[in-house]
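*Asks:* Before I ask anything, here is the structure I am working with.
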Amino acid sequence: MLLNGTGDVIDDHEYPATTEEMIDQYGDRTLELPNGSETVADVLARLESETFESPEEARFAVYSAVSDKAVGRVGYSDRDPTPVGSPYAPDAVSF
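Quick note on numbering: full-length UniProt numbering labels position 88 of the sequence shown as 88, and the sequence is numbered without any gaps.
Structure below.
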């Protein structure tokens, strides 16, 4: 998901680094997602201010804050039954 060299610049950044520093440095970078795109600034702005001690922490923060543009069908799972009351539940069938 971290396209356009964003993963590389996160790896090469000096740590520790704050959310604000990451936004200032890389906020204009675009992440291409399956259903659109977002900037790093948009993604990290969803988080509270924190200090990243390593590239891995910064990368996981980005992964955790992307919008639903990063997933296929929202609410879909081919492994789990649909939860009761879900708006994605199929219509009930009576026999």
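By construction, the Cβ of each residue, glycine as well, lies at the ideal position given by its N, Cα and C atoms.
1. DSSP puts S37 in a beta bridge; with which residues?
2. For E32 and R46, I'd like the C-alpha separation in whole angstroms.
3. Any contact of the region 49-66 with the region 9-16, i.e. 3+ C-beta pairs under 8 Å?
4. Roughly how many angstroms lie between the CA atoms of A58 and R79, to the nearest whole one?
5. Take the Cβ of T30 as the centre, count every other Cβ of all protein chains shown within 10 Å, and call the residue buried at 16 or more, exposed below.
6. Since A89 and T82 are thought to touch, with beta carbons under 8 Å apart, how far apart are those beta carbons, to the nearest angstrom?
7. Could you check whether Y63 and V40 sit closer than 9 Å to each other, using their CB atoms as the reference points?
*Replies:* So, to answer that:
1. E32
2. 18 Å
3. yes
4. 30 Å
5. exposed
6. 5 Å
7. no
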